[in-house]
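Participant: For reference, the structure I am asking about is given below.
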Amino acid sequence: ASHAPQHSHFASVAPPTAPKPPAGFSDILPPRAADRLPGKSTMNGHAAIESEITRLAGAADFAGLVTLCEEFELELQHTEVPTAVSVGVYKVHLLAYMLTEQLDSARFLWKRIPAELKGGDAELRALWAIGTAMWQKDHAGMMAALSAHAWSPPLVAQLASALLSAQLERSFAALGRAYSSIPAAKLAAKLGVPVAKVEELAAAHSWTADAVTGALKPMQPEPEAQPASGQADQLQRLTEYVAHLEQTVA
58 ASHAPQHSHF ASVAPPTAPK PPAGFSDILP PRAADRLPGK STMNGHAAIE SEITRLAGAA
118 DFAGLVTLCE EFELELQHTE VPTAVSVGVY KVHLLAYMLT EQLDSARFLW KRIPAELKGG
178 DAELRALWAI GTAMWQKDHA GMMAALSAHA WSPPLVAQLA SALLSAQLER SFAALGRAYS
238 SIPAAKLAAK LGVPVAKVEE LAAAHSWTAD AVTGALKPMQ PEPEAQPASG QADQLQRLTE
298 YVAHLEQTVA
């Protein structure tokens, strides 16, 4: 089946003759799209993928979403469903890869998505703008891309919100490891969020402020526990004994 370009939303008017879709992934098809479906078995397939995506997203099982969408693609189901459903699954697939930080896989998926689908759906392109910023390690650009689009409810909006929260935490932690101290305004610029949000994150992660400059100082991680000297000696002797046995056998 060929893909005819059309706009896809995860929430729109339900076809009057179609069975009611599962809550959370409801009414993915535009009005009267059911009239163009090839048969009842295909409709059952739509309901199954929509129901399972809704369940996994609700459980925040993003690895499960990756597996589900990969199987859908490998079984060539994108060629068996209407364009709106196919585009919807591609959006979830991209978001699932980004949520699990599989950026190589996200990049290759973007290359596999048919050009007519990418050209015909602004939200799909907006999602890949996030992936591009993540690939380039552009924290501020990533946050700007996540905040710039009005994501379609319920599923894309839900997953985009989860990605925004996760990436903000990851970026904040990464910058905390990179700096011993950093002004709040500079950190806010790097993260692409207001200073008030940076101060909120710093307080939540037990950062302190320099008494003189006011710069934020990340909480230093506790040093890893070292084995007691007796244990270290025993491990060293065991290593030497194993090496001696290997030489003897040889």
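In case it helps, our numbering puts the sequence shown at residues 58 to 307. Even for Gly, the Cβ is constructed at its ideal location relative to N, Cα and C. A quick note: this is a predicted structure, and the numbers were derived from the prediction, not measured.
#1: Excluding sequence positions up to five away, which residues of its chain have a Cβ less than 8 Å from the Cβ of Leu160?
#2: By DSSP, does Gly246 sit in helix, in strand, or in coil?
#3: Distance, Cα to Cα, Ala235 vs Ala205?
#4: Use the C-beta contact count for Lys194: other C-beta atoms within 10 angstroms, 16 or more gives buried, fewer gives exposed.
#5: Give every residue of the same chain whose Cβ lies closer than 6 Å to the Cβ of Ser218, excluding the five residues on either side of it in the sequence, and list them in chain order.
#6: Are three or more beta carbon pairs between the segment 165–182 and the segment 138–145 nearer than 8 Å?
#7: For the 8 Å Cβ check, are there 3 or more pairs between the segment 250–262 and the segment 219–238?
#8: Could you tell me the boundaries of the alpha helix (DSSP H) in which His150 lies?
#9: Are at least three pairs of beta-carbons, each pair with one atom in the segment 195–202 and one in the segment 159–173, less than 8 Å apart?
#10: Along the alpha helix (DSSP H) that carries Asp177, what are the first and last residues, could you check?
#11: Note down the Cα distance separating Leu216 from Ala223, rounded to an integer number of angstroms.
#12: Tell me Thr265's beta-bridge partners as DSSP assigns them.
Facilitator: In short:
#1: Here residue 160 refers to the residue found at position 103 of the sequence shown. Contacts found: Tyr154, Gly188, Met191, Trp192.
#2: Taking the sequence shown and counting its residues from 1, the one referred to as residue 246 is at position 189. Residue identity check: residue 246 is Ala in the sequence provided, not Gly. Three-state DSSP puts Ala246 in a helix.
#3: By one-based count along the sequence shown, residue 235 stands at place 178. By one-based count along the sequence shown, residue 205 stands at place 148. One C-alpha to the other measures close to 27 Å.
#4: In the sequence shown, counting from the first residue as 1, residue 194 sits at position 137. So Lys194 ends up on the exposed side.
#5: Looking up residue 218 in the sequence shown gives position 161. Closer than 6 Å at Cβ, skipping near neighbours: no residue.
#6: With a cut-off of 8 Å, the segment 138–145 and the segment 165–182 count as touching, because enough Cβ pairs lie within range.
#7: yes
#8: Counting from one through the sequence shown, the residue named residue 150 turns up at place 93. Per DSSP, His150 is one residue of the alpha helix (DSSP H) stretching across 140–156.
#9: no
#10: Within the sequence shown, the letter at position 120 stands for residue 177. The question names Asp, but residue 177 is Gly in the sequence shown. Note, Gly177: alpha helix (DSSP H), 172–177.
#11: For the purposes of this step, residue 216 is identified with residue 159 of the sequence shown, where counting begins at 1. For the purposes of this step, residue 223 is identified with residue 166 of the sequence shown, where counting begins at 1. Their Cα atoms are separated by approximately 10 Å.
#12: One-based indexing of the sequence shown puts residue 265 at position 208. Bridge pairing for Thr265: Lys274 [DSSP].
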